[in-house]
Amino acid sequence: MIYKVISKEEFSRFVDALIRENCSYGPREVDTDRHGNPVYQFRRVHSADEVAFDYTATHSSAKHLMLPYREELSRFRFSEGDWEQDIEYRVKPRLLVGLRPCDISALNILDDVLLNGKFPSPYYLAQRKNTFIIGMDHLPLPDCFCQSLNHHTVTKGFNLFCSDIGDSYYLSVNSSKALTYLKNFAIGDPTHEDDCRLIERRKLIKQSFQTEVEVTGLPSFLDIEFDSPIWQKWGDKCLNCGTCAMVCPTCYCYDTSERIDTDLEGASRQKQLYSCNLVDFAEVAGGHNFRPGNGDRLKYRYYHHYRGFAENANQQICVGCNRCGRACLADINPKDVINDLRMEKESCMICVSPSPPRT
Amino acid sequence: MQHLGFSTNKLKIGSFDFTCCEGCQLQLANKEETLPEFLDLLDIRNFREISSERFDDYDIALVEGSISRSDEVERLQAIRKQAKILIAYGSCACFGGVNSLKNHFPPDECVHEVYGDSPVETLPVRRISDVVKVDFSIPGCPVSKDEVERIVVSIATGAMISLPKYPVCVECKQQLNTCLFDLGEVCLGPITRAGCNAVCTTGKTACLGCRGPAEDINYRSFRELVKEHGLSLDEMEEKLRFYNCFEEFRDDES
Chain W
1 MIYKVISKEE
11 FSRFVDALIR
21 ENCSYGPREV
31 DTDRHGNPVY
41 QFRRVHSADE
51 VAFDYTATHS
61 SAKHLMLPYR
71 EELSRFRFSE
81 GDWEQDIEYR
91 VKPRLLVGLR
101 PCDISALNIL
111 DDVLLNGKFP
121 SPYYLAQRKN
131 TFIIGMDHLP
141 LPDCFCQSLN
151 HHTVTKGFNL
161 FCSDIGDSYY
171 LSVNSSKALT
181 YLKNFAIGDP
191 THEDDCRLIE
201 RRKLIKQSFQ
211 TEVEVTGLPS
221 FLDIEFDSPI
231 WQKWGDKCLN
241 CGTCAMVCPT
251 CYCYDTSERI
261 DTDLEGASRQ
271 KQLYSCNLVD
281 FAEVAGGHNF
291 RPGNGDRLKY
301 RYYHHYRGFA
311 ENANQQICVG
321 CNRCGRACLA
331 DINPKDVIND
341 LRMEKESCMI
351 CVSPSPPRT
Chain H
1001 MQHLGFSTNK
1011 LKIGSFDFTC
1021 CEGCQLQLAN
1031 KEETLPEFLD
1041 LLDIRNFREI
1051 SSERFDDYDI
1061 ALVEGSISRS
1071 DEVERLQAIR
1081 KQAKILIAYG
1091 SCACFGGVNS
1101 LKNHFPPDEC
1111 VHEVYGDSPV
1121 ETLPVRRISD
1131 VVKVDFSIPG
1141 CPVSKDEVER
1151 IVVSIATGAM
1161 ISLPKYPVCV
1171 ECKQQLNTCL
1181 FDLGEVCLGP
1191 ITRAGCNAVC
1201 TTGKTACLGC
1211 RGPAEDINYR
1221 SFRELVKEHG
1231 LSLDEMEEKL
1241 RFYNCFEEFR
1251 DDES
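Just so you know, the protein sequences line up as chains W and H, in that order.
Sequential numbering of the first sequence, starting at 1, is according to the numbering used here.
Sequential numbering of the second sequence, starting at 1001, is according to the numbering used here.
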């Protein structure tokens, strides 16, 4: 990693030049909610003026730029009793500006699952490798809990990361491409004072967290609590609407389907991001459903996120952005569900009050 | 002729309208980019918006509209007798649709309001499945041509026919829309069957549930969240009533 410092004015010029020259995405203000607060989303931007650099949080993550919600995996052409398959995953280079550390961590987790496993996804690889990422730090929102999962800082997975040290940004340069671009702009080496300001900034971020979720030992808690009535309690609230998985930066589960063209001469195989909360997620041939209950489906989402699955080395995949918690209309959020689960177990262990009866 | 293991004989199809606006039939004549291919799959025997020829030897009957007159009952029964497959399409055929609002008022009052001093015979509005057996339903006001095309291709190729089981929220989030509850509106997206690509909410109009309930919806939780967001239960009831798609759930709680 190479460290540089750039004034905020010069940074604006740098980013503006990159945005104008590339297909670019960044946080944009798209609406005002009923309480008068701005709503942000990662959308296409055409100049630095369109980027809301001081955004709080986007309602959806930037996941869709790497894992599109819907994607054609391949096309088939039929002719003379035979067929041909075309697979296309070319992606034009693009710029993604303004990602927070938790969102970059989310991409690193997706890398683990989709690139570093036994069957790397060429579709994801094409999107990921062709995206130039500029990250930016921020002061946590009241409900951010990325620190609990150690995702409030990030050291890889980006080309350039900017820490706000007052009049300028302290740049962590993580790619030769980024350094090459920066050389056309007025950058300097960090002074001792800049280093101190960076340490102060990090300290301030660390001290600003208001929400903590205790995740130590959570995987074994979850194993022990497999039959807990708490899953049903939260499942009873769950709308099975899949919103949590759609806005989540790491939910990657999907469904595939094939569709024959209207002219019957070809077909397409499509992929759609799915959610384990959706009613037919575990439905198989013959209409049998392995997880017919809301509570079961909700439980598996928490298992995937906080206990991990074998395919990603049993790592927790939640980064603590709380987008699911904010978006859930039924007010289900990780902090409350996990605390509920811990309360049950801990109260049981110290024999203050009995656990709720098992069903 | 066989192609890919299925017969390429054209589907002998008829399309019929009952109490409705014929908007769904119009949808079938829409979407020009695939219209020639779509019509190529079909041997249109009876479809007044597409052809003036009328024959009664169809195998598949597409039925639009709800039933609100006694002569409609007879006509529908004759169609059922002829068709090997009867598909109800559109919210009126599947649920009664907007026409069902009439059922909430005294019949005489309705007739007088619309026809003044020239009354007509009318019955309470019924869905197609209240009168004859329906083999498959394609909901929507209007239906999505893309979905109809997919289903017709499935019939032609002998593939399984299905509708999405999850609610509109999935498709709405995929469009990166701002949740209408965040904008202070009651939206039926969380309980309505997807498949419309969230066309209304993408246009910032609340979902009125024209596609009917998604599978295994959590109505109780939905009702709670409307209250907890400080929104009007009356507004919710009005929206639930609009297409008559949520009758079974409304009765549970109110």
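Idealized CB from N, CA, C, for every residue including glycine.
Residue pairing by DSSP places Pro1167(H) opposite Arg1193(H) in a beta bridge. One alpha carbon belongs to Ser74(W), the other to Lys271(W), and they sit about 10 Å apart. Judged by DSSP in its simplified three-state form, Ser1015(H) adopts strand.
Think of a sphere of 7 Å around the beta carbon of Lys1173(H): the chain W residues whose beta carbon falls inside it are Ser60, Thr243, Met246 and Val247, in chain order.
Per DSSP, reduced to three states, the secondary structure at Tyr1089(H) is strand. Shown here, Tyr170(W) sits in a strand according to DSSP, grouped into three states.
With fewer than 16 neighbouring CB atoms inside 10 Å of its own CB, Thr1205(H) falls in the exposed class. The beta-bridge partner set that DSSP reports for Thr32(W) consists of Pro38(W). Between Gly1212(H) and Asp167(W), the alpha-carbon positions lie close to 55 Å from each other. Residue pairing for Trp83(W): DSSP places it in a beta bridge opposite Phe78(W). Counting only runs of at least 4 residues, the stretch 240-279 of chain W fully encloses the following alpha helix (DSSP H) elements, listed from N- to C-terminal order: 243-247. In the DSSP annotation of this structure, Glu1064(H) is not part of any alpha helix (DSSP H); the continuous beta strand (DSSP E) holding it starts and ends at Ile1060 to Glu1064. The C-alpha of Ser208(W) lies about 43 Å from the C-alpha of Pro1164(H). With distances taken between CA atoms, Phe1006(H) lies nearest to Ala1159(H) out of Arg1054(H), Ile1138(H) and Ala1159(H). Here Ser24(W) has Leu18, Arg44, Val45, His46, Arg94, Leu95, Leu96 and Val97 as same chain residues with Cβ atoms under 8 Å from its own Cβ, once five neighbours each way along the sequence are excluded.
At a C-beta separation below 9 Å, Cys238(W) has these neighbours in chain H: Asn1218 and Ser1221.
By the 16-neighbour rule on beta-carbons within 10 angstroms, His59(W) is buried.
When only Cα atoms are considered, Val1111(H) and Asn1103(H) end up about 12 Å apart. Within chain H, the C-beta atoms nearer than 7 Å to that of Tyr69(W) come from Gln1174, in chain order. Within the model, the alpha-carbon separation for Leu1231(H) versus Ile1044(H) is close to 48 Å. Taking the Cα of Arg28(W) as reference, the smallest distance to any Cα among Asn1177(H), Glu1149(H) and Leu1026(H) is reached at Asn1177(H). Residues of chain W with a Cβ closer than 7 Å to the Cβ of Arg1150(H) are, in chain order, Arg259. The beta-bridge partner set that DSSP reports for Lys4(W) consists of Leu171(W). When 8 Å is used as the limit between beta carbons, Arg34(W) is near these residues of chain H: Asp1182, Leu1183 and Gly1184, in chain order. Classified as buried, Pro140(W) has 16 or more neighbouring CB atoms from the shown chains inside 10 Å of its CB. Put simply, the CB of Thr262(W) is near chain H, with a gap under 8 Å to one of its CB atoms.
In its chain, beyond the 5 residues on either side, Pro101, Cys102, Ser105, Val319 and Gly320 have a beta carbon closer than 7 Å to the beta carbon of His151(W). Counting only unbroken stretches of 3 or more residues, the beta strand (DSSP E) elements lying wholly within the stretch 166-218 of chain W are 168-173, in sequence order. For the C-beta of Asn294(W), the chain H residues within less than 7 Å are, from N- to C-terminus, Asn1218.
Residue range Thr131 to Met136 is occupied by the beta strand (DSSP E) that includes Gly135(W).
Of the candidates Gly1195(H), Thr1157(H) and Glu1185(H), Gly1195(H) places its Cα closest to the Cα of Pro1142(H).
Across the structure, Leu171(W) and Arg1150(H) are spaced so that their CA atoms are roughly 51 Å apart. The stretch 1079-1088 of chain H makes contact with the stretch 1119-1134 of chain H, as at least three CB pairs between them are under 8 Å.
Comparing alpha-carbon positions, the option among Leu160(W), Leu110(W) and Leu198(W) lying closest to Gly308(W) turns out to be Leu110(W).
Nearest to Lys203(W) by C-alpha distance, out of Ser257(W), His138(W), Phe281(W) and Lys183(W), is His138(W). Interface with chain W (8 Å Cβ-Cβ cutoff): Phe1249(H) is excluded.
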